[in-house]
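Data block below; observations after.
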Amino acid sequence: MFYQQVCDIILPPNSFGRENPFSNRGEFFKMKIRFLGTNGWYNTHIANTTCIFIETGEFYLILDAGDGFYKVGRFIKQRKPIYLFLSHFHLDHISGLHTLNKFTFPQGLKIYGYKGMSRILNRVICSPYTVPFSELSYPVELLEIEEGRHNSPFPFTSLFLLHSVACFGYRLEIEGKTIAYCPDTGVCENALRLSENADLLLCECSLRTGEFKEEWPHLNPHTAAQI
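Using the numbering used here, the first residue of the sequence shown is number 27, and each one after it goes up by one.
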């Protein structure tokens, strides 16, 4: 699913560059994308379940919180805002949240997802399974959003994809670049809308060539290429 676990992508800034506000040296910042988890369903000896980490000059952005989420502390070195965008609530996309208690984020954490997220997460991130949000050493804010266009904390679009449960895909406009994130989905109009003319498409591919499961929509190499 997605790329190799160890793959890093560095997107150059727009043609004018972008000064890093967290540097006192006036340097320019290149957006970095790290794949901390690329598996679906379960971990293997080479990869964890889904988690993508994006560092920009102004904030950190995490896409989904599978078991690869435990690694984010290695890369959060500054007090930039931290945003976590969840696509849906299958366990391979939220299981890493049980490690929140290992981190100390003085700037706090804001989690975005579709309506009903707070109720769902508070059922899972609680005793006896793990430490509840309210007992962490830093503030966590759960922000439920509608389908459509948003301007905060940066410009992005959220649309429902084709999956066995409700699942958001995102079109992210960051530092002059457009990144489309289409996780668990079959081919659908909204996946095409989110990815149209994007600079980078982060897209799942969970099925083997020729595989198709109507009751459990995912992409195979052929259908992923259609997006």
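Every residue, glycine too, gets a C-beta built ideally from N, C-alpha and C. All of these numbers come straight from a predicted model, not from anything done at the bench.
Which of helix, strand or coil DSSP assigns to Asn148 | Helix at Asn148.
Cα-Cα, which of Leu220, Val98 and Met143 is closest to Thr130?
-> When C-alpha distances from Thr130 are compared across Leu220, Val98 and Met143, the shortest belongs to Val98.
Sequence ranges, beta strand (DSSP E) only - wholly within the region 217–241, length at least 3 = For the region 217–241, whole beta strand (DSSP E) runs of length 3 or above, ordered along the chain, are 226–229.
Could you tell me which of Lys106, Asn65, Phe101 and Thr70 sits nearest to Pro179, measuring between CA atoms?
-> Minimum Cα distance to Pro179 is reached at Lys106.
Compare the C-alpha of Arg60 against each of Arg197, Leu89 and Ile72 and name the closest.
-> It is Leu89.
Stretch pair the region 227–246 + the region 185–205: three plus CB contacts closer than 8 Å = The region 227–246 makes contact with the region 185–205, as at least three CB pairs between them are under 8 Å.
What three-state label does DSSP hand Ala91 in the structure shown?
-> Assignment of Ala91 by DSSP, reduced to helix, strand and coil, places it in the coil class.
For Gly63, which beta-bridge partners are listed by DSSP?
-> Partner(s): Cys77.
May I have the straight-line CA-CA distance separating Glu167 from Lys136, to the nearest angstrom?
-> The straight-line gap from Cα to Cα measures roughly 5 Å.
CA-CA distance, Gly236 and Arg197?
-> In a straight line, the C-alpha of Gly236 is about 28 Å away from that of Arg197.
Can you check whether the CB of Gly134 is closer than 8 Å to the CB of Pro158?
-> No, the pair does not count as a contact, with Cβ atoms beyond the cut-off.
Where does the unbroken beta strand (DSSP E) through Ile120 begin, and where does it stop?
-> First-last for Ile120: Leu117 to Ile120, but that is the alpha helix (DSSP H), not the beta strand (DSSP E).
Buried or exposed: which applies to Thr75, given that a residue is buried once 16 or more other Cβ atoms fall within 10 Å of its Cβ?
-> Taking a 10 Å sphere around the C-beta of Thr75, we find 16 or more other C-beta atoms and assign the residue as buried.
Mind checking who Arg197 pairs with in its DSSP beta bridge?
-> Partner(s): Thr183 and Ala206.
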